[in-house]
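Note sheet for the following structure.
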């Protein structure tokens, strides 16, 4: 009985040893893929700085320069202070996000969002009404007096959000470094109290309150994703956009902006599955 137990123990040990030894024919572990590749969803979010130009800004700069000249020539009374406030504009930081799907190892399509605002700082002419004649007189007249105030004042030139469709080309697939270019087009809404561009009296006066408007936008950009893990990377991006604006305060203006941004990119497919993608 003792010998039988020893023999069974010996064969059990040998079987376990064989099971734990690696098989000669076993496939080697497959390498996980890092970078842009076919059939994946990528989510990114970025923030950065911008510069702006276009007729939206040119109109307000011209407006301020005209008032400066009129004030210096004494054509409009300056009741506040003897010097003229120079025009400035100050953009906020820009924020963007995108969801992209890779149709191939090099081509992606998706949707993206862009949000930023711009404030103007300068002087404005305000309508000041003065009464002439006695209040009880039937010939009582109310006239409009144009007065220049050169105290620096800040107002909202633009604050908007755009949604766009995008197409991208990625030069290197399945790589830690993922350089790309993209095109975007779409539209959105904005608020603005910028001056009018119509040739009537109202264009000389800065409207109170913020007026709503609609925009059309096209853009081009280039960037690089640096994947530090399978699931995520760091994004650097340079983009330029042109917007065509119309609002209840002005009929048509343009706004050109150039954005430099940094952010993060995530491979949602890898994050969702929890299983590393394999090299094919």
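Numbering (my numbering), first residue to last: 6 to 285.
All C-beta atoms, glycine included, are put in the ideal place defined by N, C-alpha and C.
Quick caveat, the model's predicted, so the values are computed rather than measured.
Item	Value
Residue 49 and residue 103 closer than 7 Å at C-beta	yes
Delimiting residues of the alpha helix (DSSP H) encompassing residue 66	60 to 77
Residue 59 versus residue 38: straight-line alpha-carbon distance, rounded	44 Å
Own chain, CB closer than 6 Å to residue 9, minus 5 neighbours either side, in chain order	With a pLDDT of 37 at residue 9, under the threshold of 50, the modelled position of that residue is not reliable, and no figure is offered here.
CA-to-CA distance, residue 46 to residue 273, given in whole angstroms	5 Å
C-beta atoms of residue 53 and residue 183 nearer than 7 Å	no
Coil, strand or helix - residue 198 by DSSP	coil
Cβ-Cβ distance between residue 225 and residue 248 below 7 Å	no
Residue burial classification, residue 275 (beta-carbon count within 10 angstroms, cutoff 16)	buried
7 Å Cβ cutoff met for residue 195 and residue 158	no
Helix, strand or coil at residue 182 according to DSSP, with G and I counted as helix	strand
Where the alpha helix (DSSP H) containing residue 262 begins and where it ends	First-last for residue 262: 258 to 272, but that is the beta strand (DSSP E), not the alpha helix (DSSP H).
Under the three-state DSSP convention, the category residue 277 falls into	helix
Distance between residue 271 and residue 277 (C-alpha atoms, nearest Å)	11 Å
Backbone CA spacing between residue 205 and residue 260 [nearest angstrom]	At residue 205 the pLDDT is 48, less than 50, meaning the model places this residue with poor confidence; the figure from the coordinates comes in the next sentence. Cα to Cα, the separation comes out at about 23 Å.
Expected contact under 8 Å - CB spacing of residue 198 and residue 160 to nearest Å	5 Å
Cβ-based neighbour list, residue 230, same chain, cut-off 6 Å, excluding 5 preceding and 5 following	183, 238, 240, 270
Backbone CA spacing between residue 244 and residue 65 [nearest angstrom]	25 Å
For residue 178 and residue 234, the rounded distance between their alpha carbons	15 Å
Spatial distance of residue 43 from residue 112 (CA atoms)	8 Å
Beta-carbon spacing of residue 96, residue 57 below 7 Å	yes
Buried versus exposed call for residue 170 [16 or more other C-beta atoms within 10 Å across all chains shown]	exposed
Assigned secondary structure, residue 97 (DSSP; H/G/I helix, E/B strand, else coil)	coil
Cutoff 7 Å; reference residue 214; Cβ partners in own chain excluding five residues on either side	198
Option nearest residue 191 by Cα separation, candidates 220, 181, 201, 163	220
Presumed contact (8 Å Cβ cut-off) between residue 122 and residue 55, rounded CB distance	Incorrect: roughly 10 Å between the Cβ atoms, too far for contact.
Helix, strand or coil at residue 286 according to DSSP, with G and I counted as helix	Lying before the first or after the last residue shown, residue 286 is absent from the chain, which here runs from 6 to 285.
Own chain, CB closer than 7 Å to residue 268, minus 5 neighbours either side, in chain order	49, 50, 51, 52, 240
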